Structure formats: C-alpha cells, structure tokens
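Asker: Got a structure for you, written out below as structure tokens; questions coming shortly.
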Amino acid sequence: MSTGKIMVVDDDTNICELLRLYLEKEGYTVALAYDGQEAVDKFPSENPDLMILDVMMPKLDGWQVCREIRKTSNCPIIMLTAKGETFDKVLGLELGADDYVVKPFDTKEIVARVKAVLRRSTSAQDKNDIKEVRYDKLVVNMTRYELRVDGKQVDTPPKELELLYHLASNPNRVYTRDQLLDEVWGFEYYGDSRTVDVHVKRLREKLEGVSDQWSLKTVWGVGYKFEVKE
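Numbering (the numbering used here), first residue to last: 165 to 394.
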C-alpha cells in the first residue's frame, strides 16, 4: 500500500470524489479543495506530499495556485487540464509543475502518475541527506534550496537551482536540452526546449564573471555543460 497525503484541487466535486476514492483505495490520505483560493489557504496546514491541481478554476486558477505554492514549497504538482483547453506546457514547467494529465483521464493512469512523481521526489531526497556542490565562489545547496555566489545568498527559483545543481554535479558532462528536461523536470517534454534556454539565461545573469574556474557553457548544436577548469 502507498502512504502519503495528496491534495486534490478541482471545482468539479465529482472529479474530487472520484480521485479521493481511488487514492484512498491505494492507501493515500486525501485532502480536497474546490477552488484555487481554498487550495492556497489550506496548503500550509494540510502540508500534502503531492497536489493534483486543475487549471481552470474560480477565484484563483491553477497557474496562480502553482505560483503561490512554489514561493514556499517544492511539493510535487500534477496539473489537470480539460481536453481541448490549450495547455501551455512551457508555462507549466516554468511555474514548477511536475507533470500534467488531460481530462477525461483514466483513474489508473492518475494513480500511476502520482506514484511515479512521488517516487522521483523521494528518491531525490533519499540519495543523501545533505545535497550540496561547491566550487570557487559558488555553493549550491539543495537541502536548503540555497544558492550562494561569492558568499552572498542569491534568491533563485527552485527549477533554476535544480538545473544548476544537476549540471554542476556532473562537471564537464554535456547534456542535450531533452536530457535536461527529462532529468530535471522529470517528464518528457516533446522537444520544447525553450524552457531550458530561459533557465540557463537567467542563471547566467546571476553567475556572470563570478569565477574563472568554472562557467555555464553552451555546446552549440548539442546543449549545455558546467565547465570546470582542470
């Protein structure tokens, strides 16, 4: 049986009940919210291990909820989108969604996605307790989600930090954009690589000229690497 708490946020009560039924059958505890504002209000006290979040909702939509949650938490988020709605996958990634499912969905598929996303996030936590890489004038600490550049803490969105940590943990290894989407964002992204470029650009602005020992390099026609001088 699975354990953990899932928060389901959807203004359609039938969908909420259906998901609650299936998730509880799998052994999860389930909290429900019926609009975006309620989700944001309940989130701190419920403190779920994962959120299933509808995009189109009253008061606050799914994008706004995602933005709010990401200010304080890295709780995995699976977005729900109705068939025919134009779902902006890039925006979803930018805001920190971990996966998305199109309605009408098969409940077994949702349960499988929930398990996969939770498995990824726990294996990331379990690998070792303190996750940190250090280079000259650079410290990336994933336990506290902190970036220190030249001794000063720099505010950085979670995904930028995860991307930097991933590259810096594997110095001089070249990654394609698709590999980074898969390994950092964790779902196949159908070659929409703009999001990686945007994140690398933002990181460069923070790291430009800090040290001559390392740099974020573009490998033309391939992707990116964190280059370290031997």
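Here a beta-carbon is modelled for each residue, glycine too, at the ideal position from N, C-alpha and C.
On a predicted model such as this, the values are computed, not experimentally measured, just so you know.
#1: Look up Gly-387 in the DSSP assignment and give the residues it is bridged to.
#2: Can the beta-carbon of Val-275 be found less than 8 Å from the beta-carbon of Leu-196?
#3: Can you tell me the Cβ-Cβ gap for Arg-231 and Pro-322, rounded? I've got them flagged as a contact below 8 Å.
#4: Count the other CB atoms, across all protein chains shown, that sit within 10 Å of the CB of Arg-277; report buried if there are 16 or more and exposed otherwise.
#5: CB-CB under 8 Å to Arg-184, same chain, minus the five flanking residues each way: which ones, in chain order?
#6: Mapping DSSP to helix, strand and coil, what is Lys-393?
#7: Less than 8 Å between the C-beta atoms of Ser-375 and Leu-302, yes or no?
#8: For Ile-216, count the other beta carbons within 10 Å of its own beta carbon; 16 or more makes it buried, fewer makes it exposed. Which is it?
#9: Can you have a look at Val-383 and say buried or exposed, based on whether 16 or more other CB atoms are within 10 angstroms of its CB?
#10: Say whether the stretch 255 to 273 touches the stretch 338 to 351, bearing in mind that this needs 3 or more beta-carbon pairs closer than 8 Å, one atom from each stretch.
#11: In chain order, what residues of the same chain lie with their CB nearer than 8 Å to the CB of Val-364, ignoring the 5 residues before and after it?
#12: Can you give me the C-alpha to C-alpha distance between Thr-340 and Val-386, rounded to a whole angstrom?
#13: From the DSSP output, which residues share a beta bridge with Leu-214?
#14: So, Leu-367 versus Val-313, is the Cβ gap smaller than 8 Å?
#15: Is it true that the CB of Phe-390 sits closer than 8 Å to the CB of Pro-335?
#16: Measure the alpha-carbon distance for Asn-292 versus Arg-283 and round it to whole angstroms.
#17: Sorted by chain position, which residues of the same chain lie with C-beta nearer than 7 Å to Gly-256's C-beta, five sequence neighbours on each side aside?
#18: Relative to the C-alpha of Val-204, which residue among Asp-225, Met-220, Gly-191 and Glu-190 is closest?
#19: Give me whichever residues DSSP pairs with Leu-302 in a beta bridge.
#20: By the three-class DSSP mapping on this structure, what secondary structure does Leu-183 have?
#21: Helix or strand or just coil, what does DSSP make of Leu-224?
Answerer: Working from what's here:
#1: Locating residue 387 in the sequence shown gives position 223, counting from the first residue. Looking at the DSSP assignment, Gly-387 forms a beta bridge with Thr-340 and Val-383.
#2: As a position in the sequence shown, residue 275 is number 111, starting the count at 1. As a position in the sequence shown, residue 196 is number 32, starting the count at 1. Cβ distance not < 8 Å, so Val-275 and Leu-196 don't count as in contact.
#3: Reading the sequence shown from its first residue, position 67 is the one you call residue 231. Reading the sequence shown from its first residue, position 158 is the one you call residue 322. Not a contact, Cβ separation roughly 12 Å.
#4: Against the sequence shown, residue 277 aligns to sequence position 113. That one is buried.
#5: For the purposes of this step, residue 184 is identified with residue 20 of the sequence shown, where counting begins at 1. Same-chain partners within the cutoff: Val-172, Val-194 and Leu-196.
#6: As a first step, residue 393 must be located in the sequence shown, where it is residue number 229. Coil.
#7: Translated into the one-based positions of the sequence shown, residue 375 becomes position 211. Translated into the one-based positions of the sequence shown, residue 302 becomes position 138. Yes. Within cutoff.
#8: For the purposes of this step, residue 216 is taken as residue 52 along the sequence shown, with counting starting at 1. Note on Ile-216: 16 or more other CB atoms within 10 angstroms of its CB, so buried under the neighbour-count rule.
#9: On the sequence shown, position 219 is the one that residue 383 refers to. The residue in question, Val-383, is exposed, as its Cβ has fewer than 16 Cβ neighbours within 10 Å.
#10: yes
#11: The sequence position of residue 364 within the sequence shown is 200, counting from 1. Same-chain partners within the cutoff: Leu-327, Leu-380, Thr-382 and Tyr-388.
#12: The residue you call residue 340 lines up with position 176 of the sequence shown. The residue you call residue 386 lines up with position 222 of the sequence shown. Their Cα atoms are separated by approximately 5 Å.
#13: Start at 1 with the first residue of the sequence shown, and residue 214 comes out as number 50. According to DSSP, which records beta bridges pairwise, Leu-214 is partnered with Ile-170.
#14: Against the sequence shown, residue 367 aligns to sequence position 203. Against the sequence shown, residue 313 aligns to sequence position 149. In this structure, Leu-367 keeps its C-beta atom at 8 Å or more from the C-beta atom of Val-313.
#15: As a first step, residue 335 must be located in the sequence shown, where it is residue number 171. As a first step, residue 390 must be located in the sequence shown, where it is residue number 226. Cβ distance < 8 Å, so Pro-335 and Phe-390 count as in contact.
#16: Here residue 292 refers to the residue found at position 128 when the sequence shown is read from its first residue. Here residue 283 refers to the residue found at position 119 when the sequence shown is read from its first residue. No answer about Asn-292 holds up, because its pLDDT of 48 lies below 50 and its placement is not dependable.
#17: The count along the sequence shown starts at 1 and reaches residue 256 at position 92. Answer for Gly-256: Met-243 and Tyr-264, listed in chain order.
#18: Counting from one through the sequence shown, the residue named residue 204 turns up at place 40. The residue with the shortest Cα to Cα distance from Val-204 is Asp-225.
#19: Your numbering for residue 302 matches position 138 in the sequence shown. According to DSSP, which records beta bridges pairwise, Leu-302 is partnered with Tyr-299 and Val-313.
#20: The count along the sequence shown starts at 1 and reaches residue 183 at position 19. Three-state DSSP puts Leu-183 in a helix.
#21: Here residue 224 refers to the residue found at position 60 when the sequence shown is read from its first residue. Leu-224 falls in the coil class under three-state DSSP.
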